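Colleague: Order-wise, the sequence lines are chains G and P.
Its first residue numbered 51, the first sequence is counted upward by one per residue in the numbering used here.
Its first residue numbered 239, the second sequence is counted upward by one per residue in the numbering used here.
We put the CB at the ideal spot given by N, CA and C, even for glycine.
Computed from a predicted structure; not experimentally measured.
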Amino acid sequence: MATANLPDSSYLSNTTQTAYLASGVSNQRDFFMEYEEQLKWQRIDSQMKVWLSHPEEEDEDGYVSPSLVSIKLASQLLDACKANSLPIPNWVVTNGDGGIVVNFESRDRKMAIEFDESGTQELRIFFNHRLVERRPFDFIGEFA
Amino acid sequence: MNNHAIRCDDPIFRRIPVTLKLYRPETEELHAQAFRPSPRDIDGLSVSRGKTDHHPEFLSLEQVAEVGRNPQGYFVAELSLISLNSHNIQVVPDPKDDDPGHCLIPSLRYQKPRPSEMLELMELLKQLTIRVHGPFIPEVSADSEL
Numbered sequence: 051m052a053t054a055n056l057p058d059s060s061y062l063s064n065t066t067q068t069a070y071l072a073s074g075v076s077n078q079r080d081f082f083m084e085y086e087e088q089l090k091w092q093r094i095d096s097q098m099k100v101w102l103s104h105p106e107e108e109d110e111d112g113y114v115s116p117s118l119v120s121i122k123l124a125s126q127l128l129d130a131c132k133a134n135s136l137p138i139p140n141w142v143v144t145n146g147d148g149g150i151v152v153n154f155e156s157r158d159r160k161m162a163i164e165f166d167e168s169g170t171q172e173l174r175i176f177f178n179h180r181l182v183e184r185r186p187f188d189f190i191g192e193f194a
Numbered sequence: 239m240n241n242h243a244i245r246c247d248d249p250i251f252r253r254i255p256v257t258l259k260l261y262r263p264e265t266e267e268l269h270a271q272a273f274r275p276s277p278r279d280i281d282g283l284s285v286s287r288g289k290t291d292h293h294p295e296f297l298s299l300e301q302v303a304e305v306g307r308n309p310q311g312y313f314v315a316e317l318s319l320i321s322l323n324s325h326n327i328q329v330v331p332d333p334k335d336d337d338p339g340h341c342l343i344p345s346l347r348y349q350k351p352r353p354s355e356m357l358e359l360m361e362l363l364k365q366l367t368i369r370v371h372g373p374f375i376p377e378v379s380a381d382s383e384l
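As structure tokens, then:
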């Protein structure tokens, strides 16, 4: 990761921190973080465009690409994430059955929001591999 | 049991189509959807026992990938039967002409809606994956270029 080796300036004294900020290293970190976020969004947006151009196509292994309904709903969720500066999903993948799974992960916890081919939404929360919560989901209601 | 009896030290391979983007080689991250049964997996999730000294007729990593028909190729996830057994995950032989070591995981057969146990099992298999090999991309034959 481009930002991994850049130092955290929060422990520095005020004087040193001023010099540190003046050096531009902090700005450099902001730049890298912003660049990294842009790359993540580009990867997600690019994948959505690929699905949009080939919806509901079955591949050689029997997996079906996302339907237009699931693409539309997942796009709305992703747009809401962007508009509200919410975390960038770690994964946006096909469920192989005409739907899309959006994952937000943090260490040993994972939240998965699945839009199936007909638009039905489900929220799942895992702790390690254990499913600790599973319920119908309405992201418009959740974000309102 | 016949000569296809499963030994505990057998490696277990699972093909993952490159096109699904469920594995990131740069960070070695794997998504649990790699273990989701497709609508064709009505009897269980397809996996393969790997080639060993005891079963030289079974396929190597590369050969398991080659059996797949996706022209974009496959990653191959490697698991160990010992670890599957230790979690009481049943693996049953289902030999095919082109893959004599082909097996099924019956608890991951295609179902809608998917039971919670299946979702947990997919997550568990991701955690039990030892490593992911590849990508193995088929060479374009001279005929197909014409």
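1) Would the beta-carbon of E155(G) fall within 8 Å of that of N140(G)?
2) Could you name the residues that DSSP lists as bridge partners for W141(G)?
3) Can you list, in chain order, the residues of the segment 273–284 of chain P whose Cβ is nearer than 8 Å to any Cβ on chain G?
4) The beta strand (DSSP E) with Q328(P) in it runs from where to where?
5) Where Q171(G) and H292(P) are concerned, what is the direct C-alpha to C-alpha distance, given to the nearest angstrom?
6) Rank K364(P), L258(P) and F273(P) by C-alpha distance to the C-alpha of P344(P) and give the top, closest one.
7) Measuring straight from C-alpha to C-alpha, what distance separates E84(G) and D281(P)?
8) Hey, does F176(G) have any beta-carbon neighbour from chain P nearer than 8 Å?
9) Is it true that the segment 176–190 of chain G meets the segment 291–306 of chain P, where meeting means three or more beta-carbon pairs spaced less than 8 Å apart?
10) Would you call the CB atoms of L366(P) and L181(G) closer than 8 Å?
11) Report the three-state DSSP secondary structure of I163(G) (helix, strand or coil).
12) Compute the Euclidean distance between the alpha carbons of I362(P) and I250(P), then round it to the nearest angstrom.
13) Quick test of the definition: if touching needs 3 or more C-beta pairs under 8 Å, does the segment 314–330 of chain P touch the segment 141–153 of chain G?
14) Since A337(P) sits in a beta bridge, which residues does DSSP pair it with?
15) Assign P373(P) to one of three DSSP states: helix, strand, or coil.
16) Who does V114(G) pair with in a DSSP beta bridge?
17) Please determine, among V256(P), D248(P) and R369(P), the residue with the shortest C-alpha to C-alpha distance to Q310(P).
18) In whole angstroms, give me the CA-to-CA distance for R262(P) and F313(P).
19) So which residues on chain G does P255(P) lean against when the C-beta distance must stay under 9 Å?
20) May I ask you to list, following chain order, the residues of the segment 83–98 of chain G that have a beta carbon less than 8 Å from some beta carbon of chain P?
21) Taking just the CA atoms, how far does P353(P) sit from L127(G)?
22) Looking at E167(G) and S125(G), is the spacing between their C-beta atoms short of 8 Å?
23) For a test of the three-state rule: what should DSSP assign to Y348(P), helix, strand or coil?
24) Do you know how far the Cα of D109(G) is from the Cα of P277(P)?
25) Determine, using beta carbons only, whether N308(P) comes closer than 8 Å to chain G.
26) In angstroms with no decimal places, state the Cα-to-Cα distance between R252(P) and E316(P).
27) Name, please, each residue of chain P whose Cβ falls closer than 8 Å to the Cβ of N134(G).
28) Taking only the alpha-carbon atoms, compute the straight-line gap between P116(G) and K160(G) and give it to the nearest angstrom.
29) I'd like the list of long-range same chain contacts for S103(G), defined as Cβ closer than 6 Å, with 5 residues on each side in sequence excluded.
Modeller: Based on what the coordinates show:
1) Within the first sequence, residue 155(G) is the residue found at index 105, counting from 1. Within the first sequence, residue 140(G) is the residue found at index 90, counting from 1. Result yes, Cβ atoms of E155(G) and N140(G) sit closer than 8 Å.
2) Taking the first residue of the first sequence as position 1, residue 141(G) is located at position 91. Answer is N153(G), bridged to W141(G).
3) R274, S276, P277, R278 and D279
4) For this step, residue 328(P) is matched to residue 90 along the second sequence. Run containing Q328(P): none; DSSP gives neither H nor E here.
5) Position 121 of the first sequence holds residue 171(G). Position 54 of the second sequence holds residue 292(P). Counting only the Cα atoms, H292(P) lies some 47 Å from Q171(G).
6) Taking the second sequence and counting its residues from 1, the one referred to as residue 344(P) is at position 106. Nearest C-alpha to P344(P): F273(P).
7) Indexing the first sequence from 1 puts residue 84(G) at position 34. Indexing the second sequence from 1 puts residue 281(P) at position 43. Whole-angstrom Cα-Cα distance: 47 Å.
8) Here the question's residue 176(G) lines up with position 126 in the first sequence. Yes, its Cβ sits closer than 8 Å to a Cβ of chain P.
9) Touching, no, given that fewer than three Cβ pairs across the two stretches are closer than 8 Å.
10) In the second sequence, the residue the question calls residue 366(P) occupies position 128. In the first sequence, the residue the question calls residue 181(G) occupies position 131. Result no, Cβ atoms of L366(P) and L181(G) do not sit closer than 8 Å.
11) Along the first sequence, read from residue 1 onward, the residue named residue 163(G) stands at position 113. Correct three-state label for I163(G): strand.
12) The residue you call residue 362(P) lines up with position 124 of the second sequence. The residue you call residue 250(P) lines up with position 12 of the second sequence. Looking at the sequence provided, one finds Leu at residue 362(P) rather than Ile. Taking the straight line from one Cα to the other gives about 15 Å.
13) The segment 314–330 of chain P vs the segment 141–153 of chain G: no contact.
14) Locating residue 337(P) in the second sequence gives position 99, where the first residue counts as 1. Looking at the sequence provided, one finds Asp at residue 337(P) rather than Ala. D337(P) is bridged to K334(P).
15) Counted from its first residue, the second sequence places residue 373(P) at position 135. In this structure, P373(P) counts as strand in the three-state DSSP scheme.
16) Within the first sequence, numbered from 1, the residue matching residue 114(G) stands at position 64. In the DSSP output, where bridge partners are listed per residue, V114(G) has E108(G) and D147(G).
17) Here the question's residue 310(P) lines up with position 72 in the second sequence. That would be V256(P), whose Cα lies nearest to the Cα of Q310(P).
18) The residue labelled residue 262(P) in the question sits at position 24 within the second sequence. The residue labelled residue 313(P) in the question sits at position 75 within the second sequence. So the two alpha carbons sit approximately 10 Å from each other.
19) By 1-based counting over the second sequence, the position of residue 255(P) is 17. Result: D109, E110, D111 and Y113.
20) Cβ contacts with chain P: Q97.
21) Counting from 1 along the first sequence, the entry for residue 127(G) is found at position 77. Counting from 1 along the second sequence, the entry for residue 353(P) is found at position 115. Rounded to whole angstroms, the separation of the alpha carbons of P353(P) and L127(G) is 25 Å.
22) The count along the first sequence starts at 1 and reaches residue 125(G) at position 75. The count along the first sequence starts at 1 and reaches residue 167(G) at position 117. No, these two residues do not count as a Cβ contact at 8 Å.
23) To locate residue 348(P), count along the second sequence from 1; it is residue 110. Y348(P): coil per DSSP, three-state reduction.
24) As a working mapping, residue 277(P) is identified with position 39 in the second sequence. As a working mapping, residue 109(G) is identified with position 59 in the first sequence. Approximately 11 Å, taken between the alpha carbons.
25) One-based indexing of the second sequence puts residue 308(P) at position 70. Chain G, which has a Cβ nearer than 8 Å to the Cβ of N308(P), makes this yes.
26) Position 14 of the second sequence, counted from the first residue, corresponds to residue 252(P). Position 78 of the second sequence, counted from the first residue, corresponds to residue 316(P). When rounded, the distance between both Cα atoms is 7 Å.
27) Translated into the one-based positions of the first sequence, residue 134(G) becomes position 84. Result: empty, since nearest Cβ-Cβ is about 25 Å, beyond 8 Å.
28) The sequence position of residue 116(G) within the first sequence is 66, counting from 1. The sequence position of residue 160(G) within the first sequence is 110, counting from 1. Looking at the two C-alpha atoms, the distance is approximately 22 Å.
29) Here residue 103(G) refers to the residue found at position 53 when the first sequence is read from its first residue. None.
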